[in-house]
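Residue numbers (my numbering): 11 to 65.
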Amino acid sequence: MLALADACYDPLEATHPWGEAEDRNRMIETGRVRALLFVSYSQKTISVLSIDMLP
């Protein structure tokens, strides 16, 4: 939850790039969870595309 809050504050610093549009497609990985995000700078929103539990 804190990682997502950090991403809302500063998406480029708090997340890692994934895919081709690295500035818009971002990923958060904690010890147990991976979340894929889409960042819209024009609308100032972050959409959670998927959340997966890690082994």
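Note that the Cβ used here is the ideal one computed from N, Cα and C, for glycine as well.
key: Spatially closest choice to A15 from R42, M63, T55 and N35, by CA coordinates   = Working through the sequence shown from its first residue, we reach residue 15 at position 5. Ranking the options by Cα distance to A15, first place goes to T55.
ask   = Could you give the distance in angstroms between the alpha-carbon of A13 and the alpha-carbon of E32?
value = To locate residue 13, count along the sequence shown from 1; it is residue 3. To locate residue 32, count along the sequence shown from 1; it is residue 22. A13 and E32: Cα-Cα distance of roughly 18 Å.
key: Reduced DSSP category for P27 - H, G, I as helix; E, B as strand; rest coil   = Numbered from 1 along the sequence shown, position 17 holds the residue referred to as residue 27. In the structure shown, P27 sits in a strand (DSSP, three-state: E or B).
message = How far does the beta strand (DSSP E) with L64 in it extend, from its first residue to its last?
response = For this step, residue 64 is matched to residue 54 along the sequence shown. Secondary structure note for L64: it is in no beta strand (DSSP E), with a DSSP letter that is neither H nor E.
key: Distance between beta carbons of R36 and H26, contact taken as under 8 Å   = Locating residue 26 in the sequence shown gives position 16, where the first residue counts as 1. Locating residue 36 in the sequence shown gives position 26, where the first residue counts as 1. H26 to R36, Cβ: 7 Å. Contact.
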